[in-house]
Amino acid sequence: MSEPRTITDPADPRLADYTGLTDVELRRRREPAEGLFIAEGEKVIRRALTAGYRMRSMLLTAKWLDVMADVIAEADAPVHLVEPALAEAVTGYHVHRGALASMERKPLPDAADLLAGARRVAVLEGLVDHTNLGAIFRSAAALGMDAVLLSPDCADPLYRRAVKVSMGAVFAVPYARLDPWPAALTTVREAGFTLLALTPADSAVDLAALAPHTLPKAALLLGAEGDGLTPHAIAAAHHPVRIPMSHGIDSLNVGAAAAVAFYAVTTTP
């Protein structure tokens, strides 16, 4: 058991992992380099621990001591107890959920190794919005996708916002980077996957018409909000596919489109 220790100085070096959490660029550079990420809230912290991530430290306000008592009892890392105002001064925002944990990252698996045991995967190009990325991981976990593959310029799935939106689903779905891009898409094709590129283009095939649930192996390729997939990525796919729209709507948010497409490839009508 780690005995909670009260900290009253926002400059205390023991709080270094939690400084400037709202500075996206700073955290984007710092967290992977230092091998850490931040889990926010009781459920997310518990899911990270269940998934085998090692805790570096935990930061709590007093009202969360009882809620997290069992986690504290099992912790082999320091537990820092602070006032809400100090937590805000350190992190840069009001910590509504009252509990943060700094966790150690795991090495990313090789994309080919993930594909070897998978039948349904999502492949994301240029997803830089952490909210969309977190939503996609949550849908991937809920709807039975086996893995997520990311282009090199995709956002970090372990960034605090992505983890929070996914409700910890980023810990449940294995992921890897595909590099170089888009040349590495050949890795997906060579693993026996049919690559389906989601696009609102009128020339694309209706996704349902392909009966995607019958494909032995299917990879759904999704692009960033607004710009969508690049022409090179679409050219690397076996089929450009679209979700039919009504009422003059031309496309869905990428998170919503992903959920529809995941359901289509994993569920028998």
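737 is the number of the first residue of the sequence shown in my numbering; add one for each residue after it. We put the beta carbon where it would ideally sit given N, CA and C, even for glycine.
Give the DSSP bridge partners of Leu795, in chain order.
Counting from 1 along the sequence shown, the entry for residue 795 is found at position 59. DSSP, once it has assigned bridges, lists His816 and Leu836 as partnering Leu795.
Under the assumption that Ala993 contacts Leu931 (Cβ atoms under 8 Å), give the Cβ distance between them as a whole number of angstroms.
Position 257 of the sequence shown, counting from 1, holds the residue named residue 993. Position 195 of the sequence shown, counting from 1, holds the residue named residue 931. The Cβ separation is near 16 Å, so there is no contact.
Within the same chain, show all residues whose beta-carbon is closer than 7 Å to that of Glu961, passing over the 5 residues directly before and after it, in chain order.
Taking the sequence shown and counting its residues from 1, one reaches residue 961 at position 225. Result list for Glu961: Asp865, Asn868, Asn989 and Val990, in chain order.
Please determine, among Ala997, Val859, Trp800 and Pro820, the residue with the shortest C-alpha to C-alpha distance to Glu778.
On the sequence shown, position 42 is the one that residue 778 refers to. Cα-wise, what sits closest to Glu778 is Trp800.
Three-state secondary structure (DSSP) of Asp759:
Residue 759 sits at position 23 when you count from the first residue of the sequence shown. Coil, per DSSP.
Could you tell me the distance, in whole angstroms, from the CA atom of Ala854 to the CA atom of Phe929?
To locate residue 854, count along the sequence shown from 1; it is residue 118. To locate residue 929, count along the sequence shown from 1; it is residue 193. C-alpha separation (whole angstroms): 9 Å.
Is Arg874 closer than 8 Å to Glu776 when the C-beta atoms are compared?
By 1-based counting over the sequence shown, the position of residue 776 is 40. By 1-based counting over the sequence shown, the position of residue 874 is 138. No.
Closest residue to Tyr999 among Ala891, Ala877 and Thr966 (Cα-Cα distance):
Looking up residue 999 in the sequence shown gives position 263. For the residues Ala891, Ala877 and Thr966, the minimum Cα distance to Tyr999 belongs to Ala877.
For Asp892, count neighbouring Cβ atoms within 10 angstroms of its own Cβ and tell me buried if that reaches 16, exposed if not.
By one-based count along the sequence shown, residue 892 stands at place 156. It is buried - the Cβ of Asp892 has at least 16 other Cβ atoms within 10 Å.
State the DSSP-derived secondary structure class of Val857, mapped to helix, strand or coil.
The residue you call residue 857 lines up with position 121 of the sequence shown. Here Val857 sits in strand by DSSP.
Whole-angstrom distance between Gly828 and Met794, CA atom to CA atom
Here residue 794 refers to the residue found at position 58 of the sequence shown. Here residue 828 refers to the residue found at position 92 of the sequence shown. Cα to Cα, the separation comes out at about 17 Å.
Proximity to Arg764 [Cα-Cα], best of Val901, Cys890 and Gly984:
Working through the sequence shown from its first residue, we reach residue 764 at position 28. Selected option, being the one with the closest Cα: Cys890.
In whole angstroms, what is the alpha-carbon distance linking Ala971 and Ala798?
Translated into positions along the sequence shown, residue 971 becomes position 235. Translated into positions along the sequence shown, residue 798 becomes position 62. Going from the Cα of Ala971 to the Cα of Ala798 covers about 55 Å.
Work out the CA separation of Ile774 and Leu762 for me, nearest whole Å.
For the purposes of this step, residue 762 is taken as residue 26 along the sequence shown, with counting starting at 1. For the purposes of this step, residue 774 is taken as residue 38 along the sequence shown, with counting starting at 1. If I take the Cα positions, the gap works out to 13 Å.
Considering only the beta carbon of each residue, do Leu914 and Ser887 sit closer than 8 Å?
Taking the sequence shown and counting its residues from 1, the one referred to as residue 914 is at position 178. Taking the sequence shown and counting its residues from 1, the one referred to as residue 887 is at position 151. Cβ atoms of Leu914 and Ser887: closer than 8 Å.
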